[in-house]
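Q: At position 155 of the sequence shown the residue is numbered 155 (the numbering used here), and the sequence of numbers has no breaks.
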Amino acid sequence: MASLNKSLQEQRCLLRAHHVFGRDPEHCHTVIADPRVSRIHASISWQAGNWDLRDYSRNGTWVSQTLIEKGEHVVLRPGDLIHFGGVDSPVWRVEDLDSPADMLWPMCEAARPIVLDFCHVLPGDTHYSVTVMRSSEGEWLCDDTTPARVLHDGDEVRYGALRWKLVLATRNDGTAALPRAPQSFALVQRVDFMVSRNEEHVVAELHTRGAAIQLGDRAHHYCLVTLARARNVDARAGYDVTSQGWIEVDVLARMLGTDVSHVNVQIHRARMQFASLLSPGSPELVERRRGSVRFGALAFRIVRADRLECQSIPADPADTRRYRDHMDAALAPSR
């Protein structure tokens with residue numbers, strides 16, 4: 001995503017696909033409190049692969065010492081210096097000119113910008129996390145509440161001392177979406193768990209709607225692996241489907257080396273992470289009955305140290321070759 005930097009104040013401005021500058025707070029994305037600046041002074045828009053600045057003002061906009069007057073426009077270049085309303089007004093420097101993207105922009109120094117793709121787990125410890133994910137309707141959901149809340153442009157997301165705000169590439173213009181074709185229930189959905197040799201890390205990958213979604217390395221994934229293993233053992237022993245995989249919650253807590261309340265938190269986190277990613281009508285990820293839980297009817301594979309350990313569907317050798325790469329990439333330190 002493109003951004004401008006207001007040099008003296010060290011103020012960073014992200015650019016939406018159509019970004020308006022001026023004094024009017026109701027109609028401008030970036031408000032400039034300068035009497036030389038018009039209410040609607042200028043806009044920067046993404047057009048045909050370039051960022052185009054267009055002036056609407058009385059006093060004009062200076063771009064790298066060139067005056068852009070009302071009705072004129074210019075394609076921005078990296079490093080351009082922009083003055084709104086006068087050549088001696090505060091300078092905005094073009095930092096980068098990447099294409100528009102939805103982002104979580106930091107509101108504190110410790111946080112970093114996050115470009116949103118489909119599902120993102122915010123930085124956190126292994127016991128608690130906040131996930132931002134795209135729903136099947138195209139909205140961004142955040143699971144810091146129950147049920148997950150819909151995020152709108154400018155909404156704040158917190159994790160501990162870290163704070164971000166959602167910056168959308170484009171705003172919803174209220175246009176009604178065309179009805180979507182019904183989901184095909186024949187579409188195969190499967191979750192793959194890649195478990196490290198020492199079982200300290202579990203990377204999950206969800207295959208759904210024709211895509212492979214990386215879900216990262218989270219503590220609650222090991223809880224799911226434990227439940228999936230139990231269901232597989234019962235299935236191989238010949239138990240009927242209704243009896244397979246049930247584990248009492250207190251027993252599961254002992255297996256995981258934690259307490260019942262923490263197990264419930266992990267199951268909640270897992271459900272929230274998968275909630276908007278699975279197709280409508282999908283089986284439950286985790287099923288409950290009085291005092292017991294089990295892995296649901298969702299297809300799964302468990303791969304430990306790049307070897308297929310167990311699965312609930314026929315093997316696909318082509319997939320197995322990719323597991324080592326996925327584990328290495330997911331556990332590699334960020335740069």
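C-beta atoms are modelled at their ideal positions from N, C-alpha and C, and glycine is treated no differently.
#1: Counting only the same chain and skipping the five closest in sequence on each side, list residues whose C-beta sits under 8 angstroms from that of F185.
#2: Can you tell me whether DSSP reads P333 as helix, strand or coil?
#3: Could you tell me which of F193, L224, A219 sits nearest to H207, measuring between CA atoms?
#4: Going by beta-carbon coordinates alone, are V195 and V202 separated by less than 7 angstroms?
#5: For the stretch 230-266, which segments carrying the alpha helix (DSSP H) assignment without a break, of at least 4 residues, lie completely within its bounds, in sequence order?
#6: Ends of the beta strand (DSSP E) at V130?
#7: Can you list, in chain order, the residues of its chain with a C-beta nearer than 6 angstroms to that of L224? Leave out the 5 residues immediately preceding and following it.
#8: How would you label P333, buried or exposed, when you count the other beta carbons within 10 angstroms and need 16 or more for buried?
#9: Buried or exposed: where does N50 fall if 16 or more other Cβ atoms within 10 Å of its Cβ makes it buried?
#10: Can you tell me which of the three DSSP states F274 falls into?
#11: Quick one: is S136 buried, meaning 16 or more other Cβ sit within 10 Å of its Cβ, or exposed?
#12: Taking contact to mean at least 3 C-beta pairs separated by less than 8 angstroms, is the stretch 139-155 in contact with the stretch 228-243?
#13: Please report how far the alpha carbon of V87 lies from the alpha carbon of T61, in whole angstroms.
#14: What are the partner residues of L141, as DSSP defines its beta bridges?
#15: What does DSSP give as the partner residue(s) for S43 in the beta ladder?
#16: Quick one: any contact between the stretch 224-235 and the stretch 296-303, if contact means 3 or more CB pairs under 8 angstroms?
#17: By Cβ distance below 6 angstroms, which residues in the same chain neighbour N172 in space, the five residues on each side in sequence not counted?
A: Answer, in terms of the structure:
#1: In this predicted model, F185 has a pLDDT of only 34, less than 50, meaning its place in the structure is not dependable; the value taken from the coordinates is given anyway. Cβ neighbours of F185 beyond the five flanking positions: S279, G281.
#2: Note that P333 has pLDDT 49, beneath the 50 cutoff, so the model's placement of it is unreliable and no number is given.
#3: F193
#4: yes
#5: 249-256
#6: No beta strand (DSSP E) holds V130; DSSP gives it neither H nor E.
#7: A270
#8: In this predicted model, P333 has a pLDDT of only 49, less than 50, meaning its place in the structure is not dependable; the value taken from the coordinates is given anyway. With fewer than 16 Cβ atoms within 10 Å of its Cβ, P333 is classed as exposed.
#9: exposed
#10: helix
#11: exposed
#12: no
#13: 8 angstroms
#14: M133, V150
#15: V20, R54
#16: yes
#17: Confidence at N172 is low in this model, with a pLDDT of 46, below 50, so the placement of that residue should be treated as unreliable; the coordinate-derived value is given next. The answer is none, since no qualifying residue turns up.
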